[in-house]
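Below is one structure, written out as structure tokens, with a few remarks after it.
Residue numbers (the working numbering): 19 to 379.
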């Protein structure tokens, strides 16, 4: 395997190339967890991995009914995860997310050992099918003697999430709510700690591979020692190969790569983009980037990929009469790639259910 083959293999395993997944549930099950803090485009990234025809409302129904949940489970940041899988994945990862959060816990004057009291206030407020926004939970906590706003409130709520008690509820207009996991998940999958570690390891390397242990450490927050245990437990399901001094793991039965999409509007937190640290270079071998100073700091840019490689960036603005896309091309696409980009924009418009206007900047 050459370094240039890593990206095409990942595209195939992540179903951005080759046969699409049957539905969004299959996508999330295969990938394990899908980063989703940019909520609207995160839903689009699930639809991209399925056959054309899905619309935003299809994804929202799965999130509203609890089939797919959105919660803090890795690194820590928002991820989509199947409701049935939430418990065993959280059991494998929550202890490590607490380590990453420790500084912020101290900063706000609490820690996981003293969290049960505030968590009980939250769960009591949500019991009986109540779905409350974060600010509403803040008011309930304040009334119970746990005043918290801003980041402190965010981390108090996150502690309840990492304890497996709460996750997203039904959207209330444009507002996110929280609900009890016990009322959202009817049939949770039960795995022992060792089984959960092995299954999470298998899912990552079979869906995101070829990837290194360092990549999986970044994605999962697990330690190197834990990951090595997980790899050993996977047995013959995983194979490995050394490429440029890095040991890459991947599914032993992985099919050969399929031709990459000629053009794709990826979201900035797509798993093809952010699920790696050690080998993140694979999706942008040329190192294409916007000109320094062109965009304000912290501007959210989404990659435009041509044949699996970054060739530009796009931004999305929701307006009263539709969606405006600003596209900044860093390469001169071929006629084939331009045609594919037009088709991708049309597919996105159909998915969003809104007219899309495009400005090339």
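Every residue gets a Cβ at the ideal spot worked out from N, C-alpha and C, and that includes glycine.
Around the Cβ of residue i, are there at least 16 other Cβ atoms within 10 angstroms (buried) or fewer (exposed)?
i, result
"residue 325", "buried"
"residue 89", "buried"
"residue 322", "buried"
"residue 84", "buried"
"residue 380", "Only positions 19 to 379 of the chain appear in the structure, and residue 380 is not among them; the question remains open."
"residue 228", "buried"
"residue 156", "buried"
"residue 385", "Because the chain is modelled from 19 through 379, residue 385 falls outside the range shown and cannot be assessed."
"residue 193", "exposed"
"residue 336", "exposed"
"residue 384", "As shown, the chain starts at 19 and ends at 379. That puts residue 384 outside it, with no answer to give."
"residue 241", "exposed"
"residue 220", "buried"
"residue 28", "buried"
"residue 125", "exposed"
"residue 61", "buried"
"residue 63", "buried"
"residue 133", "buried"
"residue 195", "buried"
"residue 182", "buried"
Quick check on residue i: does DSSP put it in helix, strand or coil?
i, result
"residue 142", "helix"
"residue 16", "Because the chain in this structure spans residues 19 to 379, residue 16 falls outside the shown range and cannot be described."
"residue 88", "strand"
"residue 95", "strand"
"residue 224", "helix"
"residue 205", "coil"
"residue 40", "coil"
"residue 45", "helix"
"residue 372", "coil"
"residue 135", "helix"
"residue 235", "helix"
"residue 229", "strand"
"residue 127", "coil"
"residue 82", "helix"
"residue 379", "coil"
"residue 103", "helix"
"residue 243", "helix"
"residue 348", "coil"
"residue 343", "strand"
"residue 108", "helix"
"residue 198", "strand"
"residue 55", "coil"
"residue 34", "coil"
"residue 365", "helix"
"residue 210", "coil"
"residue 20", "coil"
"residue 67", "coil"
"residue 25", "helix"
Residue j and residue i - do their beta-carbons sit closer together than 9 Å?
i, j, result
"residue 92", "residue 225", "no"
"residue 172", "residue 152", "yes"
"residue 290", "residue 77", "no"
"residue 67", "residue 26", "no"
"residue 103", "residue 199", "no"
"residue 54", "residue 287", "yes"
"residue 178", "residue 140", "yes"
"residue 144", "residue 197", "yes"
"residue 299", "residue 21", "yes"
"residue 111", "residue 239", "yes"
"residue 52", "residue 45", "yes"
"residue 310", "residue 331", "no"
"residue 118", "residue 136", "no"
"residue 384", "residue 371", "Because the chain is modelled from 19 through 379, residue 384 falls outside the range shown and cannot be assessed."
"residue 24", "residue 292", "no"
"residue 375", "residue 341", "yes"
"residue 160", "residue 101", "no"
"residue 115", "residue 149", "no"
"residue 106", "residue 259", "no"
"residue 127", "residue 273", "no"
If you scan the stretch 292-337 from start to end, which runs of the beta strand (DSSP E) of 3 or more residues do you find wholly inside it?
-> 320-324, 327-337
Return the chain-ordered ranges of every beta strand (DSSP E) run that is complete within the stretch 246-289 and spans a minimum of 3 residues.
-> Counting whole runs of 3 or more residues, the stretch 246-289 contains the beta strand (DSSP E) stretches 256-261, 264-269.
Taking three-plus beta-carbon pairs below 8 Å as touching, is the stretch 67-74 in contact with the stretch 166-185?
-> no
Unbroken beta strand (DSSP E) runs of length 3 or more, entirely within the stretch 144-194: which are they?
-> 184-186
Inspect the CB distances between the stretch 362-376 and the stretch 276-285 and report whether three or more fall short of 8 Å.
-> yes
Touching by the beta-carbon criterion (3+ pairs, under 8 Å), the stretch 250-258 and the stretch 233-240 = no
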